[in-house]
Amino acid sequence: MNFNVGSTDRVIRIVVGLGLIGATLGGFIGAWGWIGVVPVLTGTFRFCPAYLPFGISTCSMKK
689 MNFNVGSTDR VIRIVVGLGL IGATLGGFIG AWGWIGVVPV LTGTFRFCPA
739 YLPFGISTCS MKK
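Here our numbering is used: position 61 in the sequence shown is 749, and no number is missing along the way.
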């Protein structure tokens with residue numbers, strides 16, 4: 689599996705995902721906040737399946 693999630697994208701995904709999960713656990717938003725698990729997982733594994741059909745990669749190019 690090739691990585692397609694870069695460093696900045698990875699940090700943003702994890703922070704937003706944890707924020708959604710935390711807001712759900714805190715009772716600020718409904719159960720839909722559990723969708724935060726998806727960005728946490730894609731950030732952790734550095735792979736986003738939604739990027740594949742479009743050929744998107746936020747990883748830096750190695751020369």
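The C-beta atom is built at its ideal place from N, Cα and C for all residues, glycine as well.
Annotation: Val693 is outside any alpha helix (DSSP H) and is labelled neither H nor E by DSSP. Using a Cβ-Cβ distance cut-off of 8 Å, the stretch 708-724 and the stretch 738-747 are not in contact, since fewer than three pairs of beta carbons, one from each stretch, lie closer than that value. Trp722 is not a Cβ neighbour of Leu706, given a cutoff of 9 Å. With a 10 Å radius around the Cβ and a threshold of 16 neighbouring Cβ atoms, Thr732 comes out exposed. Taking C-alpha positions only, Ser745 is separated from Trp720 by approximately 27 Å.
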